[in-house]
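Below is one structure, written out as structure tokens; comments come after it.
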Amino acid sequence: MSLDIVALGHIIHETIVFPDFTTKSVLGSPPAYSMVCAARLGAKVGLVTKIGSDYPKRLLCPFYEAKVDTEGIRCSGDVSTTTQLVYARDGSKVIHYLKKAPKIAFEDVPQSYHDARLFYVCPMDFEAPFETVQQLRGLGGLLAADVGGFGGAHVVPQPAPQMEKDPEGTQRLFRTFDIIKASDEDCRRLTGDVHVDVHSLGRQFLSWGVKIVVITKGSRGALVITRDSERLIPAFPGKPIDVTGGGDTYMAGFLFRYLQTNDVFQAGLFGAVTALLVIEGTGGVSAARMPTFDMVEARLQKGRRQLGI
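At the far end of the sequence shown sits residue 293, using the working numbering, and the numbering has no gaps.
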């Protein structure tokens, strides 16, 4: 039976440094958060990543607990991607890369994953080359990307923003995807414009050939933009504790629900509540932290009544 979603990108051994300078060592990365979350929601998911012999085996436990297919976890060499994620008091973040695993090639994708309904390419720092993305495109399923690792907030700071440094390459890459997710911070990093108009940038991505653009804005909700519509997804009432992984689990909920309904607005609402339930807890990626479908549905109905939507 084919998988619903396969994520591709490095999983990391991450130390989070909070604004009060407390620290926590956890499993992190967009592929880890999104796939453990999607699996808990009920999707059949797989993961394509590379780790080294130095990767702590205990950090792989959430994948097994959530029943993520792990055939695509490749152990290659001695080095895993290891980071420090440092949060400022305004919510912005800086990622320091201490070590990096090798890049991910199409040959790292197990044959059994080739008929997945959707591939979600969500790198940390350009570890998914354009050639790999092109070959995924050729498999025929939907293709989505988190651009945080393609010049956005996850990448090592560059002398010039990605869209200025390599405009043609950025356009060539982005138009390969059906769905693109960017945070407002990604938008600022991609363009180098601290006052970037995210609506206009989303429309620019559509003009390149992207079909759906999701722009997350933290406590200000999210935008879901298509050629025919632009919808603001509100932030639902709640009590966030740790926002790490919020955008990743938003996309887990969004992609899960979009595959079920083909409705971007319903997917956006479901994603927002999925993320809220995650950030009301803390502790990095763990199966226990991720909500089930029934938990999201119950909170979604409550939130819609509260917001009158």
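Think of the CB as a built atom: it goes at the ideal place given N, C-alpha and C, for glycine as much as any other residue. Keep in mind that this is a model prediction, so the values were computed, not measured.
To the nearest angstrom, report how far apart residue i and residue j are at their CA atoms.
| i | j | result |
| --- | --- | --- |
| Gly30 | Ala271 | 15 Å |
| Lys223 | Gln95 | 42 Å |
| Leu82 | Ile0 | 13 Å |
| Asp168 | Gln142 | 18 Å |
| Val269 | Gly61 | 24 Å |
| Gly12 | Ile293 | 33 Å |
| Lys286 | Phe90 | 43 Å |
| Pro221 | Leu291 | 8 Å |
| Gly202 | Ile263 | 11 Å |
| Arg289 | Ile225 | 23 Å |
| Glu152 | His179 | 23 Å |
| Glu(-2) | Gln250 | 32 Å |
| Ile(-11) | Gly237 | 12 Å |
| Val248 | Arg173 | 26 Å |
| Tyr242 | Arg58 | 29 Å |
| Asp53 | Thr245 | 24 Å |
| His138 | Asp109 | 6 Å |
| Lys28 | Ala22 | 8 Å |
| Arg215 | Leu185 | 15 Å |
| Asp150 | Leu123 | 27 Å |
| Phe5 | Ser213 | 42 Å |
| Gly267 | His80 | 20 Å |
| Thr67 | Ala282 | 36 Å |
Which same chain residues end up closer than 7 Å to residue i when comparing Cβ atoms and leaving out the 5 residues on each side of it in sequence?
| i | result |
| --- | --- |
| Leu284 | Leu253, Phe254 and Val257 |
| Arg204 | Ala219 |
| Asp99 | Ser(-14) |
| Leu190 | Val197, Ile209 and Arg211 |
| Phe161 | Leu127, Ala128, Ala129 and Val194 |
| Ala72 | Pro3 |
| Val182 | Asp168, Cys171, Ile199 and Leu207 |
| Leu43 | His(-3) and Leu11 |
| Thr116 | Ile88, Ala89 and Phe90 |
| Ala112 | Leu(-8), Gly(-7), Ile88 and Val105 |
Between residue i and the rest of its own chain, which residues show a CB-CB distance below 6 Å, the 5 nearest in sequence each way excluded?
| i | result |
| --- | --- |
| Gly265 | Arg273 |
| Ala259 | Gly230, Thr233 and Tyr234 |
| Arg159 | Trp192 and Gly193 |
| Ala16 | Ile(-5) and Val269 |
| Val70 | Val1 and Val78 |
| Pro107 | Gly(-7) and Gly133 |
| Ser18 | Ala(-9), Asp232, Met235 and Ala236 |
| Thr7 | Thr(-1) and Val1 |
| Lys296 | Only positions -15 to 293 of the chain appear in the structure, and residue 296 is not among them; the question remains open. |
| Phe114 | Leu157 |
Looking only at its chain, what residues have a beta carbon closer than 8 Å to the beta carbon of residue i, apart from the 5 residues adjacent to it on each side?
| i | result |
| --- | --- |
| Gly26 | Phe240, Thr276 and Phe277 |
| Gly176 | Ala144, Pro145, Met147 and Glu148 |
| Gln155 | Trp192 |
| Val280 | Leu25, Gly237, Phe254, Val257, Thr258 and Leu261 |
| Gln118 | Thr160 |
With a cut-off of 8 Å on the beta carbons, I'd call residue i and residue j a contact; round off their distance for me.
| i | j | result |
| --- | --- | --- |
| Ala129 | Val93 | No, Ala129 and Val93 are not in contact; Cβ-Cβ is about 15 Å, not under 8 Å. |
| Leu102 | Leu120 | Leu102 to Leu120, Cβ: 10 Å. No contact. |
| Val10 | Gly36 | The pair is not a contact, with the Cβ atoms about 18 Å apart (cut-off 8 Å). |
| Gly133 | Gln146 | Actually they are not in contact, since the Cβ atoms of Gly133 and Gln146 sit about 11 Å apart, beyond 8 Å. |
| Arg24 | Ala50 | 5 Å |
| Val131 | Ala166 | 5 Å |
| Val227 | Gly75 | 7 Å |
| Val20 | Pro46 | 5 Å |
| Val32 | Tyr97 | 7 Å |
Any chance the CB of residue i is under 7 Å from a heavy atom of the ligand COA?
| i | result |
| --- | --- |
| Leu127 | With respect to the ligand COA, the structure offers nothing, as it holds no ligand at all. |
Return the chain-ordered ranges of every alpha helix (DSSP H) run that is complete within the region -9 to 59 and spans a minimum of 4 residues. Considered as a whole, the region -9 to 59 harbours 14 to 25 and 45 to 49 as its complete alpha helix (DSSP H) runs of no fewer than 4 residues, in chain order.
For the region 173 to 242, list the alpha helix (DSSP H) runs that are entirely contained and at least 4 residues long, ordered along the chain. Within the region 173 to 242, the complete alpha helix (DSSP H) runs of at least 4 residues fall at 182 to 192.
Which ranges would you report for the beta strand (DSSP E) in the region 94 to 124 if only whole runs of at least 3 residues count? Counting whole runs of 3 or more residues, the region 94 to 124 contains the beta strand (DSSP E) stretches 102 to 105.
Taking only runs of the alpha helix (DSSP H) that begin and end inside the region 240 to 268, which ones reach a length of at least 4 residues, in chain order? Runs found: 248 to 263.
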